[in-house]
Each structure stands twice: as structure tokens, then as C-alpha cells.
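In terms of my numbering, the sequence shown opens at residue 4 and continues consecutively.
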Amino acid sequence: MAQEQDLDLVEVAPTSKPPVAKLMDFGKFKYEAAQKVREARKNQVNTILKTVRFGLKIDDHDYGTKRAQIVKFLKAGDKVKVIVVFRGREQSRPEMGIKLLQKLAEEVAELGVVESNPSIDGRNMVMVIGPLKNKADAKAEAKKAADKAKQAASVEQPKESAEPKAAEIKKSAAAEAAE
């Protein structure tokens with residue numbers, strides 16, 4: 004039957020009971036399978052590890068700025084590696100670094116979870132914070148928000164009617180005639 008129609012008998016689902024086979028062009032089947040693999044690879048999301056460095060004696064404003072960056076990274080679905088750099092005699096006070104990192108972890112707890120607790124690595128103290136949402140969900144949510152904003156902007160702009168323009172033209176014509 005397949006030879007009469009110039010088609011091939013292709014086993015589509017060999018693991019199912021009973022196995023499923025279709026009459027189709029095998030070249031087309033291979034091409035579509037390759038397209039599915041390529042599309043899946045394109046849509047695959049890689050989690051990126053972002054790094055934020057702190058000094059032990061960081062000022063409040065600088066701390067707030069770096070915390071805002073960490074929040075932005077976590078909302079985007081990226082992991083964040085937080086590093087506290089110890090200089091000179093600061094190396095003898097690791098408890099201050101732990102205190103700083105724990106404070107940061109508490110402040111971003113609604114967006115991320117601590118994946119590795121603070122640990123000393125040479126003259127640095129390192130902690131990794133992972134997002135609660137995965138990157139694909141974060142991208143989808145950001146796209147929805149952008150679409151809503153675009154839709155709200157198009158609704159808010161009222162269309163100018165022709166009547167006010169006509170009234171302005173008449174006024175300007177009357178002013179020119181009066182001169």
C-alpha cells in the first residue's frame with residue numbers, strides 16, 4: 004500500500020502498545036523531527052550566574068544600589084553570586100561579612116533562596132542566591148507585563164476628533180481676515 008502511494012511506512016511511537024506506524028514521506032519526517040529539536044534548543048533557557056561584589060565597609064546607599072541589582076537579577080531568573088571582599092585587617096573579622104550576607108539574604112528572601120551558605124574562599128566570602136522562579140517563567144511574566152503596558156498606553160491616548168481642528172481653522176481664518 005505504501006509503495007503504491009510513493010510513501011514510506013514510518014514507525015512513529017515504537018514504545019506504545021501497540022506500536023504506531025504511519026504512511027508518510029520519511030525525508031519529511033526526519034526534517035520535521037530535526038526542526039523540533041532545533042526549536043527546543045532555541046527555547047532552552049540557560050541560567051546565568053551573575054556576580055555582585057561588596058566591600059565590608061559598604062555605605063548604605065551603595066548597599067541599596069547593589070541590593071537593587073540583585074533583586075533585578077533574581078526577577079530575571081538568574082542566580083547571583085554575592086562576594087564580600089576582605090582587605091587588610093578586615094580578614095580577622097569574618098563574622099561581619101556573615102552578618103552582611105545574612106542581612107542581604109533576609110531582604111531578598113521573597114525573590115530568592117540561599118543555595119550555598121556564606122563560606123570563606125581566600126580573602127573573599129561567597130554566598131549564592133538562586134531565584135524562586137525559573138528563568139522561563141520570569142521571561143514569560145516580563146513579556147506579559149510589557150504587553151499590558153503597551154496595551155494600556157494605546158488605550159490611554161485619546162484620538163483627536165476632527166471638530167476641534169475645524170474650529171481652530173475657522174478661528175485662524177477669522178483672525179487673518181480681521182488683519
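Don't be surprised by glycine CBs; every beta carbon is placed ideally from N, CA and C.
Please read all numbers here as calculations on a predicted model, not as lab measurements.
*asked:* Check whether the segment 77–90 and the segment 118–128 are in contact - that is, three or more C-beta pairs closer than 8 Å.
replied: yes
query: Does the beta-carbon of G100 have 16 or more other beta-carbons within 10 angstroms, so that it is buried, or is it exposed?
result: Taking the first residue of the sequence shown as position 1, residue 100 is located at position 97. It counts as buried.
*asked:* Taking 7 Å as the threshold (C-beta atoms), are N120 and G80 in contact?
replied: Translated into positions along the sequence shown, residue 80 becomes position 77. Translated into positions along the sequence shown, residue 120 becomes position 117. No, they are not a contact pair.
Taking 7 Å as the threshold (C-beta atoms), are F89 and L59 in contact?
Position 56 of the sequence shown holds residue 59. Position 86 of the sequence shown holds residue 89. Cβ distance < 7 Å, so L59 and F89 count as in contact.
Worksheet item: How close, in whole Å, do the beta carbons of A108 and I123 come, if the pair is a contact with beta carbons under 8 Å?
Response: Reading the sequence shown from its first residue, position 105 is the one you call residue 108. Reading the sequence shown from its first residue, position 120 is the one you call residue 123. Going by Cβ atoms, the distance from A108 to I123 rounds to 16 Å, so no, they are not a contact pair.
**Prompt:** Q154 to A148, Cα distance in whole Å?
**Reply:** Within the sequence shown, numbered from 1, the residue matching residue 154 stands at position 151. Within the sequence shown, numbered from 1, the residue matching residue 148 stands at position 145. Computed Cα separation, rounded: 10 Å.
_Under the three-state DSSP convention, the category A24 falls into_ = By 1-based counting over the sequence shown, the position of residue 24 is 21. Three-state DSSP puts A24 in a strand.
For A65 and K106, I'd like the C-alpha separation in whole angstroms. Position 62 of the sequence shown, counting from 1, holds the residue named residue 65. Position 103 of the sequence shown, counting from 1, holds the residue named residue 106. Residue 65 is actually Asp in this sequence, not Ala. Distance between the alpha carbons of D65 and K106 is about 15 Å.
Q | Beta-carbon gap between V40 and M27 smaller than 7 Å | A | Working through the sequence shown from its first residue, we reach residue 40 at position 37. Working through the sequence shown from its first residue, we reach residue 27 at position 24. Contact: no.
TODO: Tell me whether L103 is buried or exposed, calling it buried when 16 or more other Cβ atoms sit within 10 Å of its Cβ.
DONE: In the sequence shown, the residue the question calls residue 103 occupies position 100. Its Cβ being crowded by 16 or more others within 10 Å, L103 is buried.
Query raised in the report: At a cut-off of 6 Å, is L52 close to the ligand MN when judged by its beta-carbon and the heavy atoms of the ligand?
Result: The ligand MN is not part of the structure shown, which contains no ligands of any sort.
Pick out whichever of E42, F29, D150 has its Cα sitting closest to the Cα of D9.
Position 6 of the sequence shown, counting from 1, holds the residue named residue 9. Measuring from the Cα of D9, the nearest candidate turns out to be F29.
Check: Buried or exposed: where does G91 fall if 16 or more other Cβ atoms within 10 Å of its Cβ makes it buried?
Finding: For the purposes of this step, residue 91 is identified with residue 88 of the sequence shown, where counting begins at 1. Exposed, because fewer than 16 other Cβ atoms sit within 10 Å of the Cβ of G91.
Next on the checklist: DSSP three-state label for V111, please.
Outcome noted: Here residue 111 refers to the residue found at position 108 when the sequence shown is read from its first residue. Three-state result, V111: coil.
* Closest by CA to E113, which one among L77, S95, A143, R96? -> For the purposes of this step, residue 113 is taken as residue 110 along the sequence shown, with counting starting at 1. The option with the nearest alpha carbon to E113 is L77.
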